[in-house]
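Chemist: I'd like to ask you about the structure that follows.
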Amino acid sequence: MQPSTRAEEHWRRTRGLMIVSMIIWFIFGFAIHFFVEPLNRITFLGFPLGFYMAAQGSLIVFVVQIFWFAWKQNKIDEECGMAEEE
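Each step along the sequence shown adds one to the number in this note's numbering, with nothing skipped, and position 17 is 17.
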């Protein structure tokens with residue numbers, strides 16, 4: 001692969017990863033909280049699901065998302081020849 005082609009492929013894949021991450025962030029940061037009332041009819045570990053998602057669920061998803069994003073980006077970097085050398 002030529003350097004410009006690798007850079008374009010790297011950016012295309014990185015952009016796709018960022019878009020997916022922003023969609024996940026929007027869903028768990030905003031969309032779920034818009035539906036708190038219907039979610040509160042469902043219980044999870046003895047708590048209403050809407051309350052649980054606002055208090056803990058979204059935060060857990062965000063932490064997992066950070067690690068997933070870093071792992072996936074590192075994989076993209078390695079496959080496109082742009083990984084940092086250790």
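Cβ atoms here follow ideal geometry from the backbone N, Cα and C, with glycine treated the same way.
As the structure is a prediction and not an experimental result, all values here were calculated from the model.
(1) Using CA atoms only, rank isn't needed, just tell me which of E84, H10, R6, I27 is closest to G57.
(2) For E9, which residues of its own chain have a beta-carbon under 6 Å away from its beta-carbon, when the five flanking residues on both sides are left out?
(3) Indicate the three-state DSSP secondary structure (helix, strand or coil) for F47 in the structure shown.
(4) Throw me the rounded Cβ distance for the G50 and V36 pair, which I believe falls under 8 Å.
(5) State yes or no: is the C-beta of Q73 within less than 7 Å of the C-beta of I24?
(6) Under DSSP, the alpha helix (DSSP H) around E37 begins and ends at which residues?
(7) Below 6 Å CB to CB, which residues in the same chain sit around M82 once its five sequence neighbours on both sides are set aside?
Modeler: In short:
(1) Taking the first residue of the sequence shown as position 1, residue 57 is located at position 57. Comparing Cα-Cα distances from G57 to each of E84, H10, R6, I27, the minimum goes to I27.
(2) On the sequence shown, position 9 is the one that residue 9 refers to. Counting only Cβ-Cβ distances below 6 Å, and skipping sequence neighbours, we find C80.
(3) Within the sequence shown, residue 47 is the residue found at index 47, counting from 1. Three-state result, F47: strand.
(4) For the purposes of this step, residue 50 is identified with residue 50 of the sequence shown, where counting begins at 1. For the purposes of this step, residue 36 is identified with residue 36 of the sequence shown, where counting begins at 1. That belief holds up - the Cβ atoms of G50 and V36 are roughly 4 Å apart, short of 8 Å.
(5) Position 73 of the sequence shown, counting from 1, holds the residue named residue 73. Position 24 of the sequence shown, counting from 1, holds the residue named residue 24. No, they are not a contact pair.
(6) Your numbering for residue 37 matches position 37 in the sequence shown. That run of the alpha helix (DSSP H) goes 36 to 39.
(7) Position 82 of the sequence shown holds residue 82. Only H10 meet the Cβ criterion.
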